[in-house]
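A.B. asks: In terms of our numbering, the numbers along the sequence shown are unbroken and rise by one, the last being 850.
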Amino acid sequence: MVDIRGAQIEFGNVGDDPTNMLIDTDLGQGYYLRVEELLRVLLYDRKGKKIIEAGENCLADMPFHITRPEDITVEKIILIDVNRQKIVEDEVEIIYGNPPSIPLDYMLYQNYPNPFNNMTKIRYSLPFDVDNQMLNVVLKIFDILGNEIATLVNEEKPAGEYEIEFNGTALTSGVYFYQLKAGEFIQSKKMVLLK
Numbered sequence: 656m657v658d659i660r661g662a663q664i665e666f667g668n669v670g671d672d673p674t675n676m677l678i679d680t681d682l683g684q685g686y687y688l689r690v691e692e693l694l695r696v697l698l699y700d701r702k703g704k705k706i707i708e709a710g711e712n713c714l715a716d717m718p719f720h721i722t723r724p725e726d727i728t729v730e731k732i733i734l735i736d737v738n739r740q741k742i743v744e745d746e747v748e749i750i751y752g753n754p755p756s757i758p759l760d761y762m763l764y765q766n767y768p769n770p771f772n773n774m775t776k777i778r779y780s781l782p783f784d785v786d787n788q789m790l791n792v793v794l795k796i797f798d799i800l801g802n803e804i805a806t807l808v809n810e811e812k813p814a815g816e817y818e819i820e821f822n823g824t825a826l827t828s829g830v831y832f833y834q835l836k837a838g839e840f841i842q843s844k845k846m847v848l849l850k
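(1) What's the gap between the Cα of GLU839 and the Cα of PRO758?
(2) Consult DSSP for ASP716 and reduce its assignment to one of helix, strand or coil.
(3) Terminal residues of the continuous beta strand (DSSP E) containing ASP658?
(4) Would you mind giving the Cβ-Cβ distance between TYR779 and TYR767, rounded to the nearest angstrom? I have them listed as a contact below 8 Å.
(5) Out of ASP681, LEU694 and ALA814, state which residue places its alpha-carbon closest to the alpha-carbon of GLU713.
(6) Consult DSSP for ASP681 and reduce its assignment to one of helix, strand or coil.
(7) Can LEU794 and LEU781 be called in contact, C-beta distance under 7 Å?
(8) Give the single residue among ILE706, GLU810 and ASN668 whose Cα lies nearest to the Cα of GLU691.
(9) Quick one: what does DSSP say ASP700 is sitting in, helix, strand or coil?
(10) I need the straight-line Cα distance from ASP679 to LEU698, nearest angstrom please.
(11) Closest by CA to VAL792, which one among ASP726, LYS812 and GLY685?
(12) According to DSSP, is ASP726 helix, strand or coil?
(13) Report, in whole angstroms, the separation of the C-beta atoms of PHE797 and GLN834, which I expect to be a contact under 8 Å.
(14) Quick one: residues in its chain with C-beta nearer than 8 Å to the C-beta of ASP736, no 5 flanking neighbours on either side, listed in chain order?
(15) Taking Cβ to Cβ, would you say VAL830 is nearer than 7 Å to ILE804?
(16) Could you tell me the distance, in whole angstroms, from the CA atom of ILE819 to the CA atom of GLY683?
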């Protein structure tokens, strides 16, 4: 067994290109590109300082949606040691993790607790998109007159379940609304602040 400085892995039968996939690797950098029918993944540290020590280790975590994991093939794997030499005859195992359940629909849940005294939690769900696109998500708080009080979220997010805490300490008692916009989806709910 030897230490690893870099790797190139080519997968077959991946299907659609993964978009916005963040590769988690102890080597520092993870990149991917489509080469003909293959998905090529490159793992390395540009400065050449990070390595994965010999032994049983996870080379990379590559979270992307796979419809049929059993169809995925590893067409080629090249491992490079600390002397920049190709490593041969090393065993590689692919492990498919159990992904978190992805919501099937958009959902804005009732805040909890409601009524609330200063602090409340707001949950929402974003479904998996066929194109695997990140969605621009905006979550805002409004007063009863429709004046914007706060923006809790204004960023791109992938599919999943989210929860954010709202601090209403600076507000007076009354009725407020929170609104979620994600792609074409817009929904509002009412919440009551009691002090």
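Glycine is no exception: its CB is placed at the ideal position from the N, C-alpha and C atoms.
C.D. replies: According to the structure shown:
(1) 16 Å
(2) Strand, per DSSP.
(3) Membership of ASP658 in any beta strand (DSSP E) is not indicated, and neither H nor E is assigned to it by DSSP.
(4) Contact flag wrong, Cβ pair sits at about 13 Å.
(5) With the sequence shown as reference, residue 713 is identified as Cys, and Glu is not the correct amino acid for it. Of the listed residues, the one whose Cα sits closest to CYS713 is ASP681.
(6) Coil at ASP681, not helix or strand.
(7) No. Outside cutoff.
(8) The shortest CA-to-CA distance from GLU691 to any of ILE706, GLU810 and ASN668 is the one to ASN668.
(9) coil
(10) 10 Å
(11) Per the Cα distances, LYS812.
(12) helix
(13) 7 Å
(14) VAL657, ASP658, ILE659, ARG660 and ILE742
(15) no
(16) 30 Å
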